[in-house]
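One structure is given here, and the rest of the page talks about it.
Protein chains in written order, with the numbering used here: chain Z, 916 to 1027; chain L, 244 to 354.
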């Protein structure tokens, strides 16, 4: 079982360009999340979705948008990238009643 | 006061040692507590949940003290493979989107 698949694994992006990080899960989990992880700051929630068709803002949502058209996919879009969005991005999912998060392997994004 | 605080370490311990990590949280209404493990340049993975009565999984023991609002993780007989960053995670209420991660404590087990 693949679990959570993220793409791309790594990307260098020019400032001002748009970018979509893809996330797909095959566990039929209701809830999905996007986190960013920065040295010294830990994991911070960007956006989440408790179920298909709904999304919500996390701790650091500015500059990012998400959609949840179906259960399996939860893409994260940067409309106009800035250098401060250089980070490692993790997608995660959970059976919301259990609390355990399953993470993808991460997408390392560098904005120049 | 930050919501979830951990000593960042690093903790450098010899093989076979016992090491303990503490984590404090600020929200007294927090409902669920976890320890995650993250290897270098890898994704976090659940190590164990933390229950009010305390719980043990092999060499790992987790404790919760609600009155003092702290969680602990004890690792006995440390192995080289235990080297990782340990993340304290607190859920503030119903619904996993309210999980807050500590910044992690780095452990290096030395031969």
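Ideal Cβ positions, reconstructed from N, Cα and C, are used throughout, including at glycine.
All values derive from a computational prediction rather than experimental measurement.
Where the beta strand (DSSP E) containing residue i begins and where it ends
| i | result |
| --- | --- |
| residue 266(L) | 262 to 268 |
| residue 334(L) | 327 to 334 |
| residue 349(L) | 348 to 353 |
| residue 924(Z) | Per DSSP, residue 924(Z) belongs to no beta strand (DSSP E) and is neither H nor E. |
| residue 942(Z) | It is not in any beta strand (DSSP E) - residue 942(Z) carries neither H nor E in the DSSP assignment. |
| residue 288(L) | 287 to 293 |
| residue 1006(Z) | 1002 to 1009 |
| residue 991(Z) | 991 to 993 |
| residue 257(L) | 254 to 257 |
Beta-carbon neighbours of residue i, restricted to chain Z and to distances below 9 Å
| i | result |
| --- | --- |
| residue 346(L) | 955, 956, 957 and 958 |
Amino acids of chain L, ordered along the chain, whose beta-carbon sits closer than 8 Å to that of residue i
| i | result |
| --- | --- |
| residue 1018(Z) | 286, 287 and 288 |
Proximal chain L residues relative to residue i, where beta-carbon distance stays under 7 Å
| i | result |
| --- | --- |
| residue 1005(Z) | 286 |
| residue 1021(Z) | 286 |
Distance between residue j and residue i (C-alpha atoms, nearest Å)
| i | j | result |
| --- | --- | --- |
| residue 328(L) | residue 309(L) | 24 Å |
| residue 1006(Z) | residue 258(L) | 34 Å |
| residue 305(L) | residue 319(L) | 12 Å |
| residue 252(L) | residue 262(L) | 12 Å |
| residue 268(L) | residue 930(Z) | 37 Å |
| residue 348(L) | residue 977(Z) | 28 Å |
| residue 1018(Z) | residue 947(Z) | 10 Å |
| residue 284(L) | residue 955(Z) | 15 Å |
Rounded Cβ spacing between residue i and residue j (contact assumed at less than 8 Å)
| i | j | result |
| --- | --- | --- |
| residue 1001(Z) | residue 1025(Z) | 5 Å |
| residue 940(Z) | residue 1008(Z) | 5 Å |
| residue 936(Z) | residue 990(Z) | 7 Å |
Chain-ordered neighbours of residue i on chain Z, where CB pairs are closer than 7 Å
| i | result |
| --- | --- |
| residue 438(L) | Since the first residue of chain L shown is 244 and the last is 354, residue 438(L) is not available in this structure. |
Item to check | Entirely enclosed beta strand (DSSP E) segments - the stretch 959 to 985 of chain Z, minimum 3 residues | outcome: Qualifying beta strand (DSSP E) stretches, in chain order: 979 to 981.
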